[in-house]
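S.K.:
Numbering (my numbering), first residue to last: 36 to 440.
1. Hey, could you find the ends of the alpha helix (DSSP H) residue 263 is sitting in?
2. Using only alpha-carbon positions, find the residue among 375, 226, 412 that is nearest to residue 369.
3. Where DSSP assigns a beta bridge to residue 38, which residues make up the other side?
4. Mind checking residue 177: buried by the 16 CB within 10 Å criterion, or exposed?
5. In whole angstroms, what separates the C-alpha of residue 84 from that of residue 173?
6. Looking only at its chain, what residues have a beta carbon closer than 7 angstroms to the beta carbon of residue 136, apart from the 5 residues adjacent to it on each side?
7. What is the rounded straight-line gap between the Cα of residue 101 and the Cα of residue 158?
8. Quick one: Cα of residue 227 to Cα of residue 267, how far?
9. Report the residue ranges of all alpha helix (DSSP H) runs contained in full by the stretch 154-213; include only those spanning at least 4 residues, in chain order.
10. In chain order, what residues of the same chain have a beta carbon less than 6 angstroms from the beta carbon of residue 438, not counting five sequence neighbours either side?
11. Check for me: the alpha helix (DSSP H) holding residue 377 runs from which residue to which?
12. Below 8 angstroms, can you find three or more Cβ-Cβ pairs linking the stretch 218-236 to the stretch 354-369?
13. If you draw a straight line from the C-alpha of residue 49 to the C-alpha of residue 387, how long is it?
14. In whole angstroms, what is the alpha-carbon distance linking residue 232 and residue 214?
15. In chain order, what residues of the same chain lie with their CB nearer than 7 angstroms to the CB of residue 150, ignoring the 5 residues before and after it?
16. Since I believe residue 291 is in contact with residue 201 (beta carbons under 8 angstroms), could you give me their beta-carbon distance rounded to a whole number of angstroms?
17. Out of 344, 119, 417, 395, state which residue places its alpha-carbon closest to the alpha-carbon of residue 208.
18. Using the C-alpha atoms, what's the distance from residue 161 back to residue 75?
19. Based on Cα-Cα distance, which residue from 78, 179, 170 lies nearest to residue 196?
20. Considering only residues of the same chain and omitting the five flanking positions on each side of residue 408, which have a CB-CB separation below 6 angstroms?
21. Taking the alpha-carbon positions, what's the residue 47 to residue 366 distance?
22. Whole angstroms is fine: what's the gap from residue 314's alpha carbon to residue 93's?
23. Excluding five sequence neighbours on each side, which residues of the same chain lie with their C-beta closer than 7 angstroms to the C-beta of residue 364?
24. With distances taken between CB atoms, is the gap from residue 428 to residue 261 smaller than 8 angstroms?
25. Between residue 56 and chain D, is the shortest Cβ-Cβ distance under 8 angstroms, so that the two count as touching?
26. Identify which residue in 400, 355, 402, 433 has its Cα closest to the Cα of residue 420.
27. Report the option in 139, 188, 223, 237 whose CA atom is closest to the CA atom of residue 155.
28. Identify whether residue 75 lies in helix, strand or coil by the three-state DSSP scheme.
29. Suppose you measure from the CA of residue 397 to the CA of residue 64; what does that come to, to the nearest Å?
30. Look at the alpha carbon of residue 394 and the alpha carbon of residue 258, and state the distance between them as a whole number of angstroms.
31. For residue 45, count neighbouring C-beta atoms within 10 Å of its own C-beta (all shown protein chains included) and say buried if the count is 16 or more, exposed if not.
32. Determine the extent of the alpha helix (DSSP H) in which residue 229 is found, giving its start and end residues.
33. Helix, strand or coil: how does DSSP classify residue 300 here?
34. Reducing DSSP to helix, strand and coil, say where residue 381 ends up.
35. Please report the straight-line C-alpha distance between residue 274 and residue 381, rounded to a whole angstrom.
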């Protein structure tokens, strides 16, 4: 329906709209996700896509072999060892109850997930590895069912999300929380003021929601649907020229590592770091206990931020345009608001202090009704887009009248 006889996607916008409205048939996810993530452009033929993926998978394998050889020769830096050690801790507890991992008797899927994350950390030193990345990579590995293809998709996803994991980029998360606060005030003033009254108006409780784009809030299979609908919304907005930030450059489609000058693989053995033995253990699937990276982010946040960075507002009468709202994924904010509205009555009845809300959402993790929540979010988001379009048309008419005068 969306493809010509050479395998080119000739109705990409229609495809994205269909995904936005109803998700992707599981049997089609492997290819459709690559399109939604801009792994390759829609105008490529089927043969061209196969050739491209084969070449990039081969490149990934050589990159992985290179850093593993460097590790065995003792030439990884302490920072590199620390990054892959953190990844080793996370992979053994990521989605372990799902059959993809629980039925994997030899642990090959866990090793594949680790290799994806470790290779990414080594070849993207400006980002490295941070807690939560395993939760983003796991669905990609499940859907692609191929380590190399999953790595390519992960690189494409991190083109947009990578900067959110950098400690020096806390402003991005703060802006998202501010916009989420504003959107809730705009959508449900009473609920927003209730949260504010209970010291929850700053939306800090949504940090994981925003950082991982809700992948950990829904059951595994449901999260696949939530992810693909978000990605489809990004492509729809980009196709309308709403958000240049959402359009990855053509070069970005195919980048598997940062510039060679920034990727360091030492030519001589380095002094063994203090955690060298732990790194060897993790490469053998050992588990080490480490302080949560999210917890470290919160400590650093609280220790460096004077006062509340979120501006509490009594009223919001106008929202930012799509190229600004949410700083990269406006539909994500509408899903977050929809989650709050899903439990509105329980929140108003059961929350008496901040910890009550944390407890409520801890209880409901992986149990949310994704259809109800996404449908509500879509209704709100579509109304927002119509309002934005009406304002654009009105401004254009006023500009034309001014010009004619």
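We put the CB at the ideal spot given by N, CA and C, even for glycine.
M.R.: According to the structure shown:
1. Residue numbering aside, residue 263 sits at position 228 when the chain shown is read from its first letter. Start and end: 255-274.
2. In the chain shown, the residue the question calls residue 369 occupies position 334. It is 412 whose Cα lies nearest to the Cα of residue 369.
3. For the purposes of this step, residue 38 is taken as the residue at position 3 of the chain shown. 44.
4. Start at 1 with the first residue of the chain shown, and residue 177 comes out as number 142. Looking at its Cβ environment, which holds 16 or more other Cβ atoms inside 10 Å, residue 177 is buried.
5. By one-based count along the chain shown, residue 84 stands at place 49. By one-based count along the chain shown, residue 173 stands at place 138. Between residue 84 and residue 173, the C-alpha separation is close to 23 angstroms.
6. What you label residue 136 is simply residue 101 of the chain shown in a count that begins at 1. 130, 144, 145, listed in sequence order.
7. For this step, residue 101 is matched to residue 66 along the chain shown. For this step, residue 158 is matched to residue 123 along the chain shown. Spanning the two alpha carbons is a distance of roughly 11 angstroms.
8. Looking up residue 227 in the chain shown gives position 192. Looking up residue 267 in the chain shown gives position 232. Going by the C-alpha atoms only, they are around 28 angstroms apart.
9. Those alpha helix (DSSP H) runs which fall completely within the stretch 154-213 and span 4+ residues are 168-179, 182-196.
10. Start at 1 with the first residue of the chain shown, and residue 438 comes out as number 403. For residue 438, where only same-chain residues beyond five positions count, there are no Cβ hits under 6 angstroms.
11. To locate residue 377, count along the chain shown from 1; it is residue 342. Taken as a continuous stretch (DSSP letters only), the alpha helix (DSSP H) holding residue 377 covers 365-377.
12. Yes: the two stretches touch, three or more of their Cβ pairs being nearer than 8 angstroms.
13. In the chain shown, counting from the first residue as 1, residue 49 sits at position 14. In the chain shown, counting from the first residue as 1, residue 387 sits at position 352. Answer to the nearest angstrom: the Cα atoms are 46 angstroms apart.
14. Here residue 232 is taken as the residue at index 197 of the chain shown, counted from 1. Here residue 214 is taken as the residue at index 179 of the chain shown, counted from 1. Going by C-alpha positions, residue 232 is about 19 angstroms away from residue 214.
15. Taking the chain shown and counting its residues from 1, the one referred to as residue 150 is at position 115. The answer, listed in chain order, is 99, 182.
16. The count along the chain shown starts at 1 and reaches residue 201 at position 166. The count along the chain shown starts at 1 and reaches residue 291 at position 256. Not a contact, Cβ separation roughly 19 angstroms.
17. The residue given as residue 208 occupies position 173 in the chain shown. Taking only the C-alpha atoms, the option nearest residue 208 is 344.
18. The residue labelled residue 75 in the question sits at position 40 within the chain shown. The residue labelled residue 161 in the question sits at position 126 within the chain shown. Computed Cα separation, rounded: 24 angstroms.
19. In the chain shown, the residue the question calls residue 196 occupies position 161. Relative to residue 196, the option among 78, 179, 170 whose CA is nearest is 170.
20. Against the chain shown, residue 408 aligns to sequence position 373. 373, 374, 377, listed in sequence order.
21. Counted from its first residue, the chain shown places residue 47 at position 12. Counted from its first residue, the chain shown places residue 366 at position 331. A direct Cα-to-Cα measurement between residue 47 and residue 366 gives close to 19 angstroms.
22. The residue labelled residue 314 in the question sits at position 279 within the chain shown. The residue labelled residue 93 in the question sits at position 58 within the chain shown. Residue confidence for residue 314 is low, a pLDDT of 43 falling below 50, so the modelled location carries little weight; the figure read from the coordinates is stated next. Distance between the alpha carbons of residue 314 and residue 93 is about 26 angstroms.
23. Along the chain shown, read from residue 1 onward, the residue named residue 364 stands at position 329. Excluding residues within five positions, the ones whose Cβ falls inside 7 angstroms are 248, 265, 269.
24. Here residue 428 is taken as the residue at index 393 of the chain shown, counted from 1. Here residue 261 is taken as the residue at index 226 of the chain shown, counted from 1. Cβ atoms of residue 428 and residue 261: not closer than 8 angstroms.
25. Of the protein chains in this structure there is only one, and it is not chain D.
26. The count along the chain shown starts at 1 and reaches residue 420 at position 385. When 400, 355, 402, 433 are compared, the shortest CA-CA separation from residue 420 is found for 355.
27. Position 120 of the chain shown, counted from the start, is the residue given in the question as residue 155. The shortest C-alpha separation from residue 155 is found at 188.
28. Counted from its first residue, the chain shown places residue 75 at position 40. In this structure, DSSP gives residue 75 a state outside helix and strand, which the three-state scheme calls coil.
29. Counting from one through the chain shown, the residue named residue 397 turns up at place 362. Counting from one through the chain shown, the residue named residue 64 turns up at place 29. For residue 397 and residue 64, the distance between alpha carbons rounds to 29 angstroms.
30. For this step, residue 394 is matched to residue 359 along the chain shown. For this step, residue 258 is matched to residue 223 along the chain shown. Within the model, the alpha-carbon separation for residue 394 versus residue 258 is close to 21 angstroms.
31. As a working note, residue 45 is residue 10 in the chain shown. It counts as exposed.
32. Taking the chain shown and counting its residues from 1, the one referred to as residue 229 is at position 194. 224-232 is the extent of the alpha helix (DSSP H) around residue 229.
33. Counting from one through the chain shown, the residue named residue 300 turns up at place 265. Residue 300: coil per DSSP, three-state reduction.
34. Numbered from 1 along the chain shown, position 346 holds the residue referred to as residue 381. DSSP places residue 381 in helix when its eight states are reduced to three.
35. Looking up residue 274 in the chain shown gives position 239. Looking up residue 381 in the chain shown gives position 346. CA-to-CA, the gap between residue 274 and residue 381 works out to about 39 angstroms.
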